[in-house]
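Here the structure is laid out as C-alpha cells; the discussion comes afterwards.
2 protein chains.
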Amino acid sequence: MNIDQILDKTHPINSSSKIKLCECFEEVILPKNKLIIRSDKVEKNIYFIKKGIARTFSNFDDSEVTIAFGEEGDTIISLKSYILNQKGYENIELLEECELYKISATKLHYLFSTDIDIANWGRKFAEQELIKAEQRFISNQLGTATERYLELIKKHPTLLQRVSLGLIASYLGITQVSLSRIRANIT
Amino acid sequence: MNIDQILDKTHPINSSSKIKLCECFEEVILPKNKLIIRSDKVEKNIYFIKKGIARTFSNFDDSEVTIAFGEEGDTIISLKSYILNQKGYENIELLEECELYKISATKLHYLFSTDIDIANWGRKFAEQELIKAEQRFISNQLGTATERYLELIKKHPTLLQRVSLGLIASYLGITQVSLSRIRANIT
DNA sequence: ATCTTTTTTTATCATTTGATAATTTTTTCT
DNA sequence: AGAAAAAATTATCAAATGATAAAAAAAGAT
Chain W
0 MNIDQILDKT HPINSSSKIK LCECFEEVIL PKNKLIIRSD KVEKNIYFIK KGIARTFSNF
60 DDSEVTIAFG EEGDTIISLK SYILNQKGYE NIELLEECEL YKISATKLHY LFSTDIDIAN
120 WGRKFAEQEL IKAEQRFISN QLGTATERYL ELIKKHPTLL QRVSLGLIAS YLGITQVSLS
180 RIRANIT
Chain C
0 MNIDQILDKT HPINSSSKIK LCECFEEVIL PKNKLIIRSD KVEKNIYFIK KGIARTFSNF
60 DDSEVTIAFG EEGDTIISLK SYILNQKGYE NIELLEECEL YKISATKLHY LFSTDIDIAN
120 WGRKFAEQEL IKAEQRFISN QLGTATERYL ELIKKHPTLL QRVSLGLIAS YLGITQVSLS
180 RIRANIT
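Heads up: the sequence lines are chains W and C, in that order. Take the first sequence: its letter number 126 is residue 125 in numbering that gives the first Met the number 0, and every next letter is one higher. Take the second sequence: its letter number 30 is residue 29 in numbering that gives the first Met the number 0, and every next letter is one higher.
Here is the structure:
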C-alpha cells in the first residue's frame, strides 16, 4: 500500500497540497522485533505501514495491555507525542520486518498551520482514529471473552497467522492461558 | 462555563475566526432525562455543556454500556454522525437539567473548509477526544474493578453525588450489584 | 406526611477468569 | 537433523464477577 493510497483513505487532498505533503515522507525498512516507539520518550515521527504488522502496548507495574495491532495502511503513532508533545503511554514494536513511511511531526504541524487542505486531512485523520478507538472500547466492554475472540478473528482473519496467542490474549484483556482454554471450548 | 472558555480549552482561535464560530452557537436549556441523541438517528448538531451532566451509552441486545459522563465543558456528540454522517452507536441522555451550546454540524464543517484556524481547532478537538478515549481504554483494561472504581471517584469526586451507582457500574463494566459489593469491601 | 417507586445493600450459588505448574507442540538456531 | 527456546495446551485450585432474589434505604410524588 503506497503513501498516496494511505493518505487518500483518510481524506482526499488536492494535488498541489498532496505533493507538498508527500515530499515530507521518507521510506524506511526496519527489522522484526524493533521497538520503534518507547513510552518513556517523546517520539518525533509518525509512521504509516506500507508492509508489515506492529503492536501497540502499554505497561504499568508488571502488567501489559495490547492496545492495537497495526497492519498495512495503519499508523504507528505515539498519540501523546503527536498531540501534546509529551511522552506517552504507548510502546510500539514491529512484529515483522516492516516497510514504513516516516514523517516528522514538526513538519506535519507546520503544514497544518499553513495549508487548510492538509489541516483538514489532519482533522479527518484524528477523527477516524477516534471512531476506531470508540468502537474498540465498546466491543471490549460487551460480551464475554469468547465472543470478543470470535469477533476478532472474524474481523481480522489473518491475525492468527501473524501474531502469537499471548499477544491476542493481551489485546482481549485476558491471560494467554485463559485464551487457550477458550479456544479449546469452541471448535 | 461559557462558550469562549470551552473553545479556548481545546485550542485558542484568533479573534475574527472565533467571532465567526461563536455566531453559529445557540444556547438551549433542556430538561433532565431528555434523550438528546439517539443511536438510531443521524444527529445534525453538536452540543457543549455549559451546565449540567450527561451520559453517553450504547446498547446491544439487552445489555448497555456507559461510555462516558460529560460534565461542564464537555461535548455531547454522536461521533459517527459528526464524522461520517451516519447513525451512530451512542445514545446520550441528560442526567440533570442542562444548559447547552448547540451548533449545527453542517455549519461547523463549512467553517472547517473555509477557515484554517477553525479547521485546526476542529483537528485539536478530535485529537483531544482521541487522547481521552485511549486513556479511558487503557485504564479500563488495567487492574481490578475495585481499582477502577477508586480511580474514578478520585478523578471525579462529585460524580457520586450526581450519578446513580447503577450507571457508574455500567461505566466500570460491571453490574450494579457487584459495585455494591465492592463498595462494601473498601471502607 | 404518607405512599409509591427507585436505588442500594446483602446473601447465596453459579460461572468466568486468574495463577501456577507441568506437559506437549511448534519454532528457531546451528 | 537435532538441540534449545518459545509458544500453546491442559489441569488444578483460588479469586472475582454474574445472576437472582429478598430486604433495607433513599428519593419522589401526591
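Where a beta carbon is used, it is the ideal one built from N, C-alpha and C, also for glycine. Only a predicted model underlies this, so the values are computations on that prediction, with no experimental measurement involved.
Taking 8 Å as the threshold, the shortest C-beta distance from Phe136 of chain W to chain C falls below it. Bridge partners of Lys101 of chain W according to DSSP: W:Glu25 and W:Tyr46.
By the C-beta criterion, the region 111-123 of chain C is judged to be in contact with the region 11-22 of chain C, since at least 3 inter-stretch pairs fall below 8 Å. With respect to Glu150 of chain C, Ser138 of chain C sits close: the two C-beta atoms are nearer than 8 Å. By DSSP's assignment, Phe68 of chain C forms a beta bridge with C:Arg54.
The beta-carbon separation of Leu129 of chain W and Leu78 of chain C, rounded to 6 Å, stays under the 8 Å limit for a contact. Distance check between Phe68 of chain W and each of W:Gln175, W:Leu166 and W:Gly172 places W:Leu166 closest, using alpha-carbon atoms only. Look at the region 87-98 of chain C: the residues with a C-beta under 7 Å from a C-beta of chain W are Tyr88. Scanning chain W for C-beta atoms nearer than 8 Å to the C-beta of Phe111 of chain C yields Asn119 and Arg122, reported in chain order. Taking 3 residues as the shortest admissible run, the region 76-134 of chain W contains the following complete beta strand (DSSP E) segments, listed from N- to C-terminal end: 90-93 and 97-103. Annotation: Ile173 of chain W is outside any alpha helix (DSSP H) and is labelled neither H nor E by DSSP. With respect to Ile36 of chain C, Ile66 of chain C sits apart: the two C-beta atoms are not nearer than 8 Å. Boundaries of the beta strand (DSSP E) around Leu34 of chain C: Leu34 to Ile36.
For Asp7 of chain C, the enclosing alpha helix (DSSP H) stretches over residues Ile2 to Thr9.
When secondary structure is reduced to three states using DSSP, Thr145 of chain C falls in the helix class. Here Ser15 of chain W carries a helix assignment [DSSP, helix/strand/coil]. Of all residues in the region 39-73 of chain C, only Ser57, Phe59, Ser62, Val64 and Ile66 place a beta-carbon less than 8 Å from a beta-carbon of chain W.
Scanning W:Gln127, W:Glu126 and W:Tyr81 for the CA closest to the CA of Leu107 of chain W turns up W:Tyr81. Between Ala53 of chain W and Leu99 of chain W, the alpha-carbon positions lie close to 11 Å from each other. In this structure, the alpha-carbon of Ser62 of chain C lies about 13 Å from that of Asn90 of chain C. Residue contact check for Gln140 of chain W against chain C: a CB pair falls below 8 Å. DSSP places Ser62 of chain C within a strand segment (E or B) once states are collapsed to three. Under the 8 Å criterion on CB atoms, Leu78 of chain W is classed as interfacial with respect to chain C. For Glu26 of chain W, no CB of chain C lies under 8 Å from its own CB, so it is not counted at the interface with that chain. Taking 8 Å as the threshold, the shortest C-beta distance from Gly165 of chain C to chain W does not fall below it. Partner residues in the beta bridge of Thr74 of chain C, as assigned by DSSP, are C:Phe47. If you check the CB distance, Asn1 of chain C and Lys31 of chain C do not come in under 8 Å.
Straight through space, the alpha carbons of Ile28 of chain C and Ser38 of chain W are spaced by roughly 43 Å. Using a CB distance cut-off of 8 Å, Ile75 of chain W does not count as an interface residue toward chain C. 8 Å or more divides the Cβ of Val64 of chain W from the Cβ of Ser179 of chain W.
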